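*Asks:* Letter by letter, the sequence shown follows residues 38 to 195 in the numbering used here.
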Amino acid sequence: MRGSRALSVEQVTVGAERVSALVRIAEGRPLRTPAYPDLVPAVRTILPGLARHRCDSGSAHGIFAELDDTELPHLLEHVALELMALAGSPRSLRGDTAWDFAADGHGVFRVSLEYDDDLVALGALREGAAIVNALLEGDADSVDIASATARLSAVRQG
Ligand SMILES: [Zn+2]
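1) Helix, strand or coil: which one does DSSP assign to L44?
2) Identify whether T134 lies in helix, strand or coil by the three-state DSSP scheme.
3) State the Cα-Cα distance for the pair D93 and A191, rounded to the nearest angstrom.
4) Assign S179 to one of three DSSP states: helix, strand, or coil.
5) Could you check how far apart the C-beta atoms of G86 and A122 are, in whole angstroms? I think they sit under 8 Å.
6) Taking C-alpha atoms, which residue in L189, E47, S184 lies nearest to I83?
7) Just to confirm the assignment, what range does the alpha helix (DSSP H) spanning L200 have?
8) Excluding sequence positions up to five away, which residues of its chain have a Cβ less than 7 Å from the Cβ of L199?
9) So, L159 versus V56, is the Cβ gap smaller than 7 Å?
10) Per DSSP, I62 forms a beta bridge with which residues?
11) When the distance is taken between beta carbons, is P71 closer than 7 Å to D106?
12) Is the Cβ-Cβ distance between T134 and H111 less than 7 Å?
13) So, are the CB atoms of L76 and L162 less than 7 Å apart?
14) When burial is assigned at 16 or more other CB atoms within 10 Å of the CB, is A117 buried or exposed?
15) Can you tell me whether G144 is buried or exposed? The criterion is at least 16 other CB atoms within 10 Å of its CB, across all chains shown.
16) Do you know how far the Cα of L156 is from the Cα of E54?
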């Protein structure tokens, strides 16, 4: 059902230290979190560990001030890192969100995540996108962090 969702994860690549993906925001959808006032409070409720995140591109007022006014894929980056942490990955892993609309197209971002286990990181991107999409659709009841974490832990190698 690509196209009906706000966020889609495309063109995943695995590098030596990072996984990266193109994250596309559906045409016509706002790109930044202030357009979705219920989103960050909902994310904060279901993933309280986000309070421990630091952000290299971040606001001096802390992670939630940053997420309250940022690009949707940057929020996804932090959601994915938190899911990875809940699935046992080190909290020292960092992510990055960048974009080059001239090269990639409007609304296309490049999200990368350092990883300890590439499959966990890739899974976290996909689980994170599904969670953000569900919240954007007002379907918070379908979000089950414990199940998402269990699925990620199950793909961990070794
Ligand atoms: Zn950040």
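Cβ coordinates follow ideal geometry from the N, Cα and C atoms, glycine included. Since this is a predicted model, take the numbers as computed values, not measurements.
*Replies:* Based on what the coordinates show:
1) Here residue 44 refers to the residue found at position 7 when the sequence shown is read from its first residue. Strand, per DSSP.
2) As a working note, residue 134 is residue 97 in the sequence shown. Of the three classes helix, strand and coil, the one that applies to T134 here is strand, per DSSP.
3) Residue numbering aside, residue 93 sits at position 56 when the sequence shown is read from its first letter. Residue numbering aside, residue 191 sits at position 154 when the sequence shown is read from its first letter. C-alpha separation (whole angstroms): 30 Å.
4) To locate residue 179, count along the sequence shown from 1; it is residue 142. Helix at S179.
5) Position 49 of the sequence shown, counted from the first residue, corresponds to residue 86. Position 85 of the sequence shown, counted from the first residue, corresponds to residue 122. Indeed, because the Cβ distance is near 6 Å, the residues count as touching under 8 Å.
6) Numbered from 1 along the sequence shown, position 46 holds the residue referred to as residue 83. Selected option, being the one with the closest Cα: S184.
7) This structure cannot settle anything about residue 200, because the visible part of the chain is limited to 38 through 195.
8) This structure leaves residue 199 out entirely; the chain is present only between 38 and 195.
9) Reading the sequence shown from its first residue, position 122 is the one you call residue 159. Reading the sequence shown from its first residue, position 19 is the one you call residue 56. Yes. Within cutoff.
10) Here the question's residue 62 lines up with position 25 in the sequence shown. For I62, which the question treats as bridged, DSSP gives the partners L44.
11) Along the sequence shown, read from residue 1 onward, the residue named residue 106 stands at position 69. Along the sequence shown, read from residue 1 onward, the residue named residue 71 stands at position 34. In contact: D106 and P71 (Cβ atoms closer than 7 Å).
12) As a position in the sequence shown, residue 134 is number 97, starting the count at 1. As a position in the sequence shown, residue 111 is number 74, starting the count at 1. Taking the C-beta atoms as reference points, H111 is found nearer than 7 Å to T134.
13) In the sequence shown, residue 76 corresponds to position 39, counting from 1. In the sequence shown, residue 162 corresponds to position 125, counting from 1. Not closer than 7 Å, so no.
14) Locating residue 117 in the sequence shown gives position 80, counting from the first residue. Its Cβ being crowded by 16 or more others within 10 Å, A117 is buried.
15) Along the sequence shown, read from residue 1 onward, the residue named residue 144 stands at position 107. Around the beta carbon of G144, a 10 Å sphere encloses 16 or more other beta carbons of the protein chains shown; the residue is thus reported as buried.
16) For this step, residue 54 is matched to residue 17 along the sequence shown. For this step, residue 156 is matched to residue 119 along the sequence shown. Taking the straight line joining both Cα atoms gives about 13 Å.
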